[in-house]
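Accompanying notes for the structure given below.
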Amino acid sequence: MAYEINLSSKTAVITGAGRGIGAAIALKLASAGANIAVVELKEEFTTETVAAVRALGVKAEGYAGDVSNLADMQSLMEKIQSDFGSLDILVNNAGITKDTLLIRMGEDEWDAVLRVNLKGAFNCTKAVARIMMKQRSGRIVNMASIVGLIGNAGQANYSASKGGLIALTKTTAKELAGRGITANAIAPGFIKTKMTEVLPDEVKAKMLELVALKQFGEPNDIANTALFLCSDLASYITGQVIVVDGGMVM
Ligand SMILES: NC(=O)c1ccc[n+]([C@@H]2O[C@H](COP(=O)([O-])OP(=O)(O)OC[C@H]3O[C@@H](n4cnc5c(N)ncnc54)[C@H](O)[C@@H]3O)[C@@H](O)[C@H]2O)c1
């Protein structure tokens with residue numbers, strides 16, 4: 266008998282879900298029945314995802330907010346909980362890059378990336394922790410990267426943010442396990458989105474050589490893993506990093 270993942274009556278908050286990997290996760294969780302709160306820098310960034318999710322027959326709302334602002338995230342998560350009636354899943358997906366070699370990297374480039382990718386995840390996790398602790402259940406999925414495990418020339422800021430996010434995932438898992446909350450990270454390799462589209466062709470060609478399966482990943486590959494981690498199938502998994510990279514890092 267086929268096993269069906271059922272997330273109906275669950276509320277999932279996904280940051281940076283206006284496009285790319287976050288949008289794919291929103292649609293995937295919605296197709297399993299979850300109601301979706303899309304958090305984006307600007308409300309107009311949420312329109313497309315919200316419409317696509319609603320077309321699947323579940324509730325969806327878009328919210329404007331910058332994950333790097335703790336006070337905003339605290340009031341936003343409370344609003345989402347009151348709008349939806351529960352808050353069961355948080356996917357910390359919002360992320361940015363500002364690539365350049367370490368010796369050329371300015372303090373502003375370092376700070377901006379750490380502020381969104383690492384502090385943003387801390388802010389949202391802190392904001393949902395109390396709600397999930399009261400419920401005695403919850404799922405947190407953090408979007409890391411393989412460069413958080415192995416580093417990458419030109420990404421001192423980004424790789425440090427993702428390495429930090431992996432450590433944050435493990436600490437979150439340890440602190441919240443007693444309340445029935447799991448926290449895991451996904452470490453994607455090279456996934457075809459607007460974030461990677463801008464890379465020069467020679468960089469893409471070099472990357473592809475490193476992929477054992479000889480093709481770049483799709484946002485849906487990451488969404489499938491997120492769905493698994495948010496489902497009952499993963500109830501005994503916490504504090505882990507799942508690498509989804511077509512065999513780049515082994
Ligand atoms: N694409 C890849 O190959 C790849 C690989 C490894 C990890 N990742 C990670 O996956 C996540 C999604 O990446 P993507 O490729 O879909 O990127 P993307 O640039 O297409 O989407 C990121 C989204 O996050 C939003 N965002 C940015 N800053 C924000 C903020 N401060 N507050 C709220 N929203 C904000 C953006 O508006 C955008 O819609 C990121 O964390 C990224 O680091 C991507």
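Following the numbering used here, the numbering of the sequence shown begins with 266 at its first residue and continues without gaps. Just so it is clear, CB atoms sit at the ideal spot from N, CA and C, and this is done for glycine as well. These figures come from a predicted structure and were not determined experimentally.
- Check the Cα spacing between Lys-457 and each of Leu-492, Thr-276 and Ile-286: the tightest is with Ile-286.
- DSSP lists Ala-329 as the bridge partner or partners of Glu-305.
- The straight-line gap separating the alpha-carbon atoms of Cys-495 and Gly-360 is approximately 20 Å.
- When C-alpha distances from Leu-367 are compared across Phe-493, Val-315, Ser-424 and Ile-507, the shortest belongs to Ser-424.
- The beta-carbon distance between Leu-294 and Ala-277, rounded to whole angstroms, is 5 Å. This is short enough to meet the 8 Å contact definition.
- Per the Cβ contact rule, the stretch 420-436 is in contact with the stretch 373-385 (3 or more Cβ pairs under 8 Å).
- Judged by beta-carbon spacing, Thr-437 lies within the 9 Å limit of Thr-390, meaning their Cβ atoms are closer than that value.
- In this structure Ala-448 is buried. Its beta-carbon is surrounded by 16 or more other beta-carbon atoms within 10 angstroms.
- A direct Cα-to-Cα measurement between Lys-344 and Tyr-501 gives close to 30 Å.
- Close CB contacts of Val-381 within its chain, under the 7 Å cut and outside five residues either way in sequence, are with Val-332, Ser-333, Ala-359, Gly-360 and Ile-361 (chain order).
- Among the bridge pairs identified by DSSP, Gly-482 is matched with Ile-456.
- Out of Gly-454, Thr-461 and Glu-483, the CA that lies nearest to the CA of Leu-475 is found in Gly-454.
- Gly-429 has its alpha-carbon roughly 29 Å from the corresponding atom of Thr-314.
- Ranking Ala-320, Glu-309, Ile-446 and Asp-337 by CA distance to the CA of Gly-327 puts Glu-309 first.
- Proximity of the beta carbon of Lys-459 to ligand 1 is indicated: a heavy atom of the ligand is located closer than 8 Å.
- For Leu-473, the closest of Gln-505, Val-514 and Thr-503 by C-alpha to C-alpha distance is Val-514.
- Judged by DSSP secondary structure, Asn-357 falls within the beta strand (DSSP E) whose first and last residues are 354-357.
- Distances between the C-beta of Lys-363 and the heavy atoms of ligand 1 are all 8 Å or more.
- If you draw a straight line from the Cα of Lys-479 to the Cα of Ala-452, it is about 18 Å long.
- When the five nearest sequence neighbours on each side are left out, the beta carbons in the same chain lying within less than 6 Å of the beta carbon of Asn-407 are those of Asn-357, Ala-386, Leu-430, Thr-434 and Ala-450, in order along the chain.
- Within the stretch 327-410, the runs of beta strand (DSSP E) that reach at least 3 residues and sit entirely inside it are, in chain order, 354-357 and 403-408.
- For Ala-317, the secondary structure class from DSSP, reduced to helix, strand or coil, is helix.
- The beta-carbon distance between Ala-477 and Gly-512, rounded to whole angstroms, is 3 Å. This is short enough to meet the 8 Å contact definition.
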